[in-house]
Amino acid sequence: QQQVKQSPQSLIVQKGGISIINCAYENTAFDYFPWYQQFPGKGPALLIAIRPDVSEKKEGRFTISFNKSAKQFSLHIMDSQPGDSATYFCAAIPGTASKLTFGTGTRLQVTL
Amino acid sequence: NAGVTQTPKFQVLKTGQSMTLQCAQDMNHNSMYWYRQDPGMGLRLIYYSASEGTTDKGEVPNGYNVSRLNKREFSLRLESAAPSQTSVYFCASSEAWGLGYTFGSGTRLTVV
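Chains A and B, in that order, are what the protein sequence lines are.
Under our numbering, the first residue of the first sequence carries the number 1, and numbering increases by one thereafter.
Under our numbering, the first residue of the second sequence carries the number 1001, and numbering increases by one thereafter.
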């Protein structure tokens, strides 16, 4: 049972374009939504995270948009660069007494 | 500044063999986790340890055992390896339960 559904599975974007990755969840108890970035041969690394009391969080070219009523959140990468080519995982956790649940991942390729 | 260190990085086992994956963190984190990563399935939690002296099952614990040796070290043991356990295994740690995971670089295990 996948509690966090992520799409698309793969994404190809031209350099300078906007990359958008979407996630949806069912568990309304989730209250922390991080995104992880993973380069080939490496472990995932925390990229950016949001709590549901805000609708958007921006860090440089990376933005999380959060829609609590729709139970959806998304990652936008502005001005995508070849160095952004990686696998991205959304995740969610309900409070402090449970475990982080990951989406299935999106493989992003940014072409020249 | 090593973070989370996993050994070995690569391993090939024959069906039925046993082995232990080692993980150590130097960040004084309380919580540690073992995940496996398979194509199209994201990161699935095998076992976790919320604090020193405690361990608990995650989403896919069958065929595995763990030991929280001390605050720094958390090992994963395969008692009788099966081809279905071919995967990339990641260890992670966090200061507070569930938040801000730091991942190791992974162990790529092949069971033939």
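For every residue, glycine included, the Cβ atom is placed at its ideal position computed from N, Cα and C.
- Annotation for Leu1045 (chain B): Tyr1033, Trp1034, Tyr1035, Gly1058, Glu1059 and Val1060 place their beta carbon closer than 8 Å to its own, counting only its chain and skipping 5 residues before and after.
- Contact of Phe39 (chain A) with chain B is not assigned, every C-beta pair being separated by 7 Å or more.
- Within 10 angstroms of the beta-carbon of Pro44 (chain A) lie 16 or more other beta-carbons, which makes it buried.
- Arg1072 (chain B) is not bridged by DSSP to any residue.
- Proximity of Phe73 (chain A) to chain B, defined by a Cβ-Cβ separation below 7 Å, is not satisfied.
- Contact annotation: the region 1095 to 1104 of chain B does not touch the region 1063 to 1083 of chain B, with fewer than three C-beta pairs closer than 8 Å.
- Beta-bridge analysis with DSSP links Pro34 (chain A) to A:Ala49.
- Less than 7 Å divides the Cβ of Gln3 (chain A) from the Cβ of Asn27 (chain A).
- In chain order, Arg1068 place their CB closer than 7 Å to the CB of Gly1053 (chain B), counting only its own chain and leaving out the 5 sequence neighbours on each side.
- Within the DSSP bridge table, the entry for Asp1056 (chain B) names B:Tyr1048 as partners.
- For Arg107 (chain A), the uninterrupted beta strand (DSSP E) run begins and ends at Thr106 to Thr111, by DSSP.
- The continuous beta strand (DSSP E) containing Ser10 (chain A) extends over residues Ser10 to Gln14.
- Phe33 (chain A) sits close to Phe73 (chain A), with the two beta carbons spaced by under 7 Å.
- Per DSSP, the beta bridge partners of Glu56 (chain A) are A:Ser65.
- For Phe1074 (chain B), not one C-beta of chain A is nearer than 7 Å to its own C-beta.
- Put simply, of B:Val1004, B:Phe1010 and B:Gly1003 the residue whose alpha carbon is nearest the alpha carbon of Arg1108 (chain B) is B:Phe1010.
- The straight-line gap separating the alpha-carbon atoms of Lys58 (chain A) and Met1019 (chain B) is approximately 43 Å.
- The criterion of a C-beta distance shorter than 7 Å is not satisfied by Phe62 (chain A) and Ile50 (chain A).
- Of the other Cβ atoms in all chains shown, 16 or more fall within 10 Å of the Cβ of Thr104 (chain A); this residue is therefore buried.
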